[in-house]
Amino acid sequence: MTRILYGFPLSGNTHRVRLFLSLLGLDYREQKVNLMIGEHRHPEFLALNPLGQVPVLVDGEVVLRDSHAIVHYLARTYDRADVWLPREPAAEARVLQWLFMDANELHNGLGLARNHLAFGVACDLVGAQARARAALRVLEQRLTGERWLESGRPTLADVACYPLVRLADQAGLPLSESPGIAAWLTRAEALPGFVRMPAWTSATPGQRQVTSAL
Ligand SMILES: N[C@@H](CCC(=O)N[C@@H](CS)C(=O)NCC(=O)O)C(=O)O
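This is how it looks when you write it as C-alpha cells:
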C-alpha cells in the first residue's frame, strides 16, 4: 500500500505526523511541499487539501489533512494494542484534551510567536508569547511529578505537544526555567523509534536565519 506524508521539513505540524509514523514503525515516503516557494498553493496540492496546508497523509485510499486528525487515525488504525490512545471514553478524552490544547493554546501561542520570529509572519508577538507562557505553565505544572502527560505512559498527548514545545526557543521562550518540561522532552527523545525534526541550518532568502537546536 502507498503511504505518503506531504510535508515540509521546518513544519512542526508535519513533524507530529513524521514522529508518530516512526514511533509506530510504519513505512512511508515523504513528499516535500516547499512552503517557501508556494507549492502548497499549487492546484495538485490543493486537490489533496483545499486549505493549502501541510501535513497531508495519503494512506492507500485514505487522504487526510490536519496533523491531529492524522495521528488519531494512525493510532486507531495501526496501534492495535491501544497503547498510544486508550479506548475507554474518559481516558481517550483525557488524551485528546492535550491534542486540542496543542491545536489551540500552543499553536496560537508558541506557533504564532515562532512563525513571527523565525519566518517573519506578522502577529501580535506580545499576545502570542503571553498565551504561550500560560500554556507552558500548565505543561510545567503537569510535568512536575508526572513523567508523561496522561495515563502514566507515553501517549498521543505527548506526541501531539512535543514538536511545538521543542521549538519553544524559536518562539523566544527558552525552557531554562521549566525543568519538568525539559526532562519530559529528554524522555520523549529516548523513546524507541523517536526521530528528530530535520535541522534548519541555512538561511532562506528573505527569512530571518534560525539555526535550529533540533
Ligand atoms: N491544524 C493544522 C495546521 C496546519 C498548518 O498550519 N500548517 C502550516 C505549516 S506548519 C502550513 O501549511 N502553512 C501554510 C499556509 O497556511 O499557508 C495541522 O495541525 O496540521
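Mind the numbering: the sequence shown is residues 1 to 214 in the working numbering, read in order. Every residue gets a Cβ at the ideal spot worked out from N, C-alpha and C, and that includes glycine. Note that the structure is predicted; figures quoted are calculated from it, not measured.
Take L139, set aside five residues on each side of it, and the residues of its chain with a beta-carbon closer than 6 Å to its own are I181, in chain order. The set of residues with CB atoms less than 5 Å from any heavy atom of ligand 1 reads, in chain order, S11, N13, Q53, V54, D66, S67. Counting the other Cβ atoms within 10 Å of the Cβ of F100 gives fewer than 16, which makes it exposed.
Residue burial is scored here from C-beta neighbours: N13 has at least 16 other C-beta atoms within 10 angstroms and is therefore classed as buried. Taking 8 Å as the cut-off, the Cβ atoms of L156 and V56 do not count as close. Between A122 and the set E92, L112, Y6, the nearest pair of CA atoms involves L112. By the beta-carbon neighbour count (other beta carbons within 10 angstroms, threshold 16), R131 is buried.
R153 carries a coil assignment under DSSP once its states are collapsed to helix, strand and coil.
Using a Cβ distance threshold of 8 Å, L164 and D102 count as a contacting pair.
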